[in-house]
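Okay, so here's the structure we're looking at.
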Amino acid sequence: MNRNPHVAVVGATGAVGIEMIKTLEKRNFPLGKLTLLASARSVGKKLKYRGQDITVQELKKDSFGGIDIALFSAGGSISKEYAPIAAQAGCVVIDNSSAFRMDDNVPLVIPEVNAADVKWHKGIIANPNCTTAIALMALYPLHAAFNCTRIFASSYQAVSGTGAKAIAELERQVDQIVNKQPVTREVYPHQIAFNVLPHVDSFLPTGYTKEEMKMENEGRKIMHHPTFRASVTCVRVPVYRAHSVAVSAEFEKPTTVEAALAVLQKAPGLDVVDNPAKCEYPLPLYQSDKYNCAVGRLRKDCALDNGLCFWVAGDQLLKGAALNAVQIAEELLK
Ligand code: A2P
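Numbering (the working numbering), first residue to last: 1 to 334.
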């Protein structure tokens, strides 16, 4: 890999794409050149990188000549069509969509958990589901110490996960309500402002949603734990950009709150915020714009024989998407 790679951001004008550009800049990624790609609608639009204007170009089949790394975040159908073309052109694709995550030929990576999997890529590396990534930042260190068998979890997912249009929808609905106007909706099947929707992604015949099953399926692959089980309810909440997950986890090895705390305090990319007496616990509002995730409300689970409950929150656009993708690109350069 070129030490100063030419990087392309595919979906550069989207909620995640913008954060990818900012993250490359903030982390001093050793960029040789940056190319910004989006749909024909955005051609000519200018985005700033290190104070310079970069003009957005239209994504085309021949966009990838000379590009070393392409960070994709333009949705699953664009990834399915263009990621193989980019890989064929010699570029390493880091794909934020769900298109390739469960493909046996594609590593699925959270650098704090399975960085070594980056090495066996064949041109495409997948970035995990945002809720899975944030939950595993706290669950994986506990699993490594105590062998997690299964979890029960509920997520509280920000609208940023649905993209820029959903962020605008929440803003608009709040304005409409405050100004006593009729509420309009375009993105979600119900009003999201002042509401919670127990519906993220599409429903499966089992009654779970696709999003809910990502925790088990992607969790197994990332943690190299083929028997891991997860029963999850995913909920969309009127929060702009950080997800929270309430987890009850059962373990094989005996656990205590003290031992778990010691493990979590050493975990990379994770802060422990756990002082209920002072009303201190992770809050999505305060996790926004932060690289680290935060865990708190750690306690012995009273309904499992050897279980722990905790609450983990993290910025959906960063650890759930752009930051994790840039960290994977950093691994490629090591
Ligand atoms: P554009 O802004 O030109 O529509 P979000 O997830 O925030 O909705 O962002 C989606 C991103 O994917 C945007 O950058 C969007 O570009 C891009 N995108 C959507 N459709 C296409 C397409 N057909 N070709 C290239 N990029 C696309």
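Using N, Cα and C, we set each Cβ at its ideal position, and we do this for glycine too.
So for residue 130, helix, strand or coil by DSSP? Residue 130: helix per DSSP, three-state reduction.
Measure from the alpha carbon of residue 159 to the alpha carbon of each residue in 331, 199, 145, 143, then state which is nearest. In terms of Cα proximity to residue 159, the closest of 331, 199, 145, 143 is 199.
Would you kindly work out how many angstroms separate the C-alpha atoms of residue 214 and residue 73, rounded to a whole number? Cα atoms of residue 214 and residue 73: separation of roughly 18 Å, rounded to the nearest angstrom.
Nearest residue (CA-CA) to residue 164, options 225, 302, 260, 241: Ranking the options by Cα distance to residue 164, first place goes to 241.
So if DSSP puts residue 236 in a beta bridge, which residue, or which two residues, is it bridged to? Bridge partners of residue 236: 157, 197.
What residue range is occupied by the uninterrupted alpha helix (DSSP H) comprising residue 260? Counting along the chain, residue 260 sits inside the alpha helix (DSSP H) bounded by residues 257–266.
Apply the 10 Å Cβ neighbour rule to residue 182 and answer buried if 16 or more other Cβ atoms are within range, or exposed otherwise. Under this definition residue 182 is an exposed residue.
Am I right that residue 312 and residue 134 are in contact with their C-beta atoms under 8 Å? What's the rounded C-beta distance? Right, their Cβ atoms sit about 6 Å apart.
Is residue 55 near the ligand A2P, in the sense that its beta carbon is under 7 Å from a heavy atom of that ligand? No, since every heavy atom of the ligand A2P falls outside the 7 Å radius drawn around the Cβ of residue 55.
Taking the alpha-carbon of residue 79 as reference, which of 253, 125, 29 has the nearest alpha-carbon? When 253, 125, 29 are compared, the shortest CA-CA separation from residue 79 is found for 125.
Exposure of residue 43, with buried meaning 16 or more beta-carbon neighbours within 10 Å: Exposed: under 16 other Cβ atoms inside 10 Å.
Would residue 77 be called buried (16 or more neighbouring beta carbons within 10 Å of its own) or exposed? Exposed.
Which same chain residues, not among the five before or five after residue 170, have their C-beta less than 8 Å away from its C-beta? Here the set comprises 159, 192, 193, 238, 240.
Under 7 Å, CB to nearest heavy atom of the ligand A2P: contacting residues: Cβ atoms closer than 7 Å to the ligand A2P belong to 10, 11, 12, 13, 14, 15, 16, 17, 37, 38, 39, 41, 42, 59, 73, 74, 75, 78, 163, 164, 165.
Between the stretch 109–120 and the stretch 291–306, can you find at least three pairs of beta-carbon atoms closer than 8 Å? At 8 Å Cβ cutoff, the stretches do not touch.
Under 8 Å, do residue 142 and residue 246 count as touching if we go by C-beta distance? Not in contact: residue 142 and residue 246 (Cβ atoms no closer than 8 Å).
Tell me the residue span of the alpha helix (DSSP H) that contains residue 167. Per DSSP, residue 167 is one residue of the alpha helix (DSSP H) stretching across 164–178.
Given 8 Å as the limit, is there contact between the stretch 1–18 and the stretch 98–110, that is, 3 or more CB pairs closer than that? By the Cβ criterion, the stretch 1–18 is not in contact with the stretch 98–110, since fewer than three pairs of Cβ atoms, one from each stretch, lie closer than 8 Å.
Take residue 149 and list the residues in its own chain whose beta-carbon comes closer than 8 Å to its own, dropping the five residues that flank it on each side. Setting aside the 5 residues that flank it on each side, residue 149 is surrounded in the same chain by 227, 228, 229, 250, 251, 252, each with a C-beta closer than 8 Å to its C-beta; the list follows chain order.
Are there 16 or more other CB atoms within 10 angstroms of the CB of residue 282, so buried, or fewer, so exposed? The residue in question, residue 282, is buried, as its Cβ has 16 or more Cβ neighbours within 10 Å.
Only counting the same chain, and skipping five residues up and downstream in sequence, which positions put a Cβ closer than 7 Å to that of residue 220? Excluding positions up to five away in sequence, the list reads 226, 228.
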